[in-house]
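In order, the protein sequence lines correspond to chains U and A. Note that this note's numbering has the first sequence beginning at 131, numbered continuously upward. Note that this note's numbering has the second sequence beginning at 131, numbered continuously upward. Read through the structure below, which is laid out as structure tokens, and then see the notes.
2 protein chains.
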Amino acid sequence: MSVTSVPGFEAAGIAAGIKPSGNPDLALVATADRRPVTAAGVFTTNLAQAAPVLVSRAHLVDGRAAAVIANSGNANAATGESGRADARRMCALTAEGLGVAPTDVLVCSTGLIGIPMPMAPVETGVPAVCAELAAGPDAGLRAATALMTTDTLPKQTVVDAALGDGRHLHVGGMAKGAAMLEPAMATMLAVLTTDAPVGPDVLHRALERAVQDSFNALVVDACTSTNDTVLVLANGGAGGAEIGPSGPAYHALVEALSAACDDLAHQMAADAEGATKLVRLTVRGARTAEEARRAARGVASSQLVQCSLYGQDPYWGRVLSELGASGAFLDPERVDIAYNGITVCRDGVAALHDELAVQASMTRRDIEIVCDLHAGRGEATVRFTDLTHAYIDENMGTS
Amino acid sequence: MSVTSVPGFEAAGIAAGIKPSGNPDLALVATADRRPVTAAGVFTTNLAQAAPVLVSRAHLVDGRAAAVIANSGNANAATGESGRADARRMCALTAEGLGVAPTDVLVCSTGLIGIPMPMAPVETGVPAVCAELAAGPDAGLRAATALMTTDTLPKQTVVDAALGDGRHLHVGGMAKGAAMLEPAMATMLAVLTTDAPVGPDVLHRALERAVQDSFNALVVDACTSTNDTVLVLANGGAGGAEIGPSGPAYHALVEALSAACDDLAHQMAADAEGATKLVRLTVRGARTAEEARRAARGVASSQLVQCSLYGQDPYWGRVLSELGASGAFLDPERVDIAYNGITVCRDGVAALHDELAVQASMTRRDIEIVCDLHAGRGEATVRFTDLTHAYIDENMGTS
């Protein structure tokens, strides 16, 4: 279950010496035949975009790519023109190693901001990682491992989906992140592979949709970091007619990409080292889905809500207050709130409930909160974690 | 230096038994002659407004009030129609005690959300606090003390301002809050008194302006709580012509109200128990003042920035990232960032600087960060605190 689970893709991961620790820090994913295939990317909306983001976006203009080179240990962000030259150099070195055009290589970086990329280990590391490219799950795992910063586990996924016409498509993926866990290097990176037969515009649209419902539904400090990147390469290996912008095959593609992204997002949240709770919050009954998302994110990003969850306190008054402050429309006296299936607030006031039962349920690691605004049919779900002493320990310094 | 520093105002504060601890919890401010005077209020923008907010807003429709009754220990929020009846009852009891109309009484509450107001202690406490009304600083201090929740100190102020035509005006004030310190009851309340001769519309406009530059420039979890309220009573004791909506006298009024609010806001930030740092962040060179405010609040409300300040780490990369994510326009390669007067980032990349000097300066309690976007003339300053272990301890539970 990795980027190499999709036939036609190879991967590699090595310790190039970018990280002072000597841990793996350079990953590569490439097409097995070194030909460029359909590619798409979704990038951070931060105005202070890192050099690799700018370079990858430029290289994606033609909707084609043959490889993704990715490093951990340095974000190559806030590094100016020399940083962009370094990112282009990473592509050129990869292109040289693989015999492809430099503009067919995409690049991602994650690590500390504001420090020039150490190019000596990159110069020796990129040829070395090119030489290691291989098919199979071990190669995929090595690549996923080289993406890790303070992740405790590599994050990989594979999805198999029926297109409804006898064809099957596959999506493989790897990611690193960062749900509340290491914001000093809080980038979310994901690289997906698929054998879907699809053009760049449709692939881009499907990817945006998948990211919206998965990574963007994860409330992480990283959600607008300088480096956030999700890339997908599609080699058409599933065969048959190209998937269009609508219809059952398109929806199957969106579903498959969404499932892969959602699995990776869930792994990120579960790997939040500082966290003791993994919370799934649904807001329903908002006027629109957009307002539901806004309300859900307002609650999920509240330090007060996060702290009370760490304290296992079902303090719904704070949830109601954050809903009211979120910008989403609501009539406070129609709001219902349930913790772990037990309604604690109905019509905006305390509901009679089994307090011992709800208190006991708060000791679980997985917490479910459902808020119903009774104002419409908009619904959204986000995942988030609690705010803990360990979170602070991890984020007090960069060293 | 208190609400009673302005001639013609009296105050009182008692322990009514609303707080289980037995600490003071009921405060009253009233005109000495019990006549209604010009009054204005600025309230939370939260859609889930507490009962006392709704009742005070209704009572302010005529721009007149004779008294403010305020309790700590219970927010009377998310309490529905019976909560509104309780808030109206607090006004009626006060009106009875003072011989004024119930609609000339304003009401504020602060404490836990979602729990019905304990009315038995209110029924006995309001007549008792009415009987204690007195002039002088001790009475003002007792009122300020009764507002406290987890504040460690009462917060009071007095400002003396020349109107430029021989007249002087005075502003007295008290507040409770809540800069990051006790969000389980994170309401910001302030009551101001003044002898300015002014009508309700001009007073309201001047108060909104003062709040914008003071309390709203304090990044507190409470900034959109269910109960946030700032009230002012103006008895015209300074004499002379009524202050109009412009001109030197109007500006002197705005300045005086702003100075009073700013002093109270500073006391709130300084009293943030969980905090070890008091940070003043200025964003200048934004396209507009509004964008400067947005950028400054984006940085100040970042858990990552707050954690790095707790760790005394001048990690400007995180500041740049939050500026870029704030929604304010910037060209990342024109941004300068200085910690305590030492420029650590120039034109968006690391600046050569004395690292030992900046590191040493980070051990101070008061930290100054200045960001220049070089995109215009918009400027804004916010105050905030760091995110600490103690903050989490205080906010893990409501008990």
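C-beta atoms are modelled at their ideal positions from N, C-alpha and C, and glycine is treated no differently.
Item                                                                                                                            : Value
Ranges of the alpha helix (DSSP H) found wholly within the stretch 267-345 of chain U, counting only runs of at least 4         : 267-276, 330-342
Residues from the stretch 411-436 of chain U in contact with chain A, defined by Cβ distance under 7 angstroms                  : Q433, L434
Under 9 angstroms between C-beta atoms of S202/A and G266/A                                                                     : no
Unbroken stretches of the alpha helix (DSSP H), 4 residues or longer, contained in the stretch 172-214 of chain U               : 181-189
Within-9 angstroms CB hit, A487/U to chain A                                                                                    : no
Within-9 angstroms CB hit, P182/A to chain U                                                                                    : no
Outcome for R272/U when other beta-carbon atoms lying within 10 angstroms are tallied against a minimum of 16                   : buried
Beta-bridge partners of D466/U, as assigned by DSSP                                                                             : D502/U
Selection from G210/A, A196/A, V159/A, A197/A that minimises the alpha carbon distance to Q179/A                                : G210/A
Cross-chain neighbours of T359/U in chain A, by beta carbon under 7 angstroms                                                   : Per Cβ cutoff of 7 angstroms: no residues; T359/U is ~14 angstroms from chain A at best.
D358/A (DSSP reduced to helix, strand or coil)                                                                                  : coil
Nearest candidate by alpha-carbon position, reference V301/U, set T280/U, N365/U, M318/U                                        : N365/U
Residues bridged to E140/A [DSSP beta-bridge criterion]                                                                         : A160/A
Residue-chain proximity (E463/A, chain U), Cβ-Cβ < 9 angstroms                                                                  : yes
Which residues DSSP lists as bridging D496/U, in chain order                                                                    : L408/U
Delimiting residues of the alpha helix (DSSP H) encompassing T254/A                                                             : 249-261
Bridge-paired residues (DSSP) for C238/U                                                                                        : A200/U
Residues that DSSP places opposite G508/U in a beta bridge                                                                      : A416/U
DSSP state of V435/A mapped onto helix, strand, coil                                                                            : helix
Stretch pair the stretch 500-513 of chain U + the stretch 415-427 of chain U: three plus CB contacts closer than 8 angstroms    : yes
Burial state of E253/U, where buried means 16 or more other Cβ atoms lie within 10 Å                                            : exposed
Length of the line joining the Cα atoms of A395/U and S388/U                                                                    : 10 angstroms
Min CB distance M220/U to chain A below 9 angstroms                                                                             : no
Start and end residues, alpha helix (DSSP H) containing I522/U                                                                  : 519-525
Neighbour flag for S491/U against chain A, beta carbons, 9 angstroms                                                            : no
Residues that DSSP places opposite R513/U in a beta bridge                                                                      : L348/U, R410/U
For R476/A, the three-state DSSP class (helix, strand or coil)                                                                  : strand
Rounded separation between V136/U and L299/U - CA only                                                                          : 9 angstroms
Proximity to T342/U [Cα-Cα], best of A390/U, E452/U, I199/U, V191/U                                                             : According to the sequence shown, residue 342/U is Gln rather than Thr. Taking only the C-alpha atoms, the option nearest Q342/U is A390/U.
Neighbourhood of Y440/U by C-beta distance below 8 angstroms, restricted to the same chain and skipping five residues each side : T406, K407, D516, L517, T518
Own chain, CB closer than 7 angstroms to I373/A, minus 5 neighbours either side, in chain order                                 : A326, P327, V328, V332, A379, Y380, L383
Start-to-end residues for the alpha helix (DSSP H) that takes in Q489/U                                                         : 485-491
Reduced DSSP secondary structure (H/G/I, E/B, other) of V230/A                                                                  : coil
Distance CB(R95/A)-CB(G508/A) smaller than 9 angstroms                                                                          : In the structure displayed, chain A extends from 131 to 529; residue 95/A sits before or after that span and is not available.
Residue closest to A261/U, alpha-carbon to alpha-carbon, out of H189/U, R448/U, G229/U, E385/U                                  : G229/U
CA-to-CA distance, S355/A to P313/A, given in whole angstroms                                                                   : Note on P313/A: pLDDT 40, under 50, position unreliable in the model; the coordinate value appears next. Taking the straight line from one Cα to the other gives about 9 angstroms.
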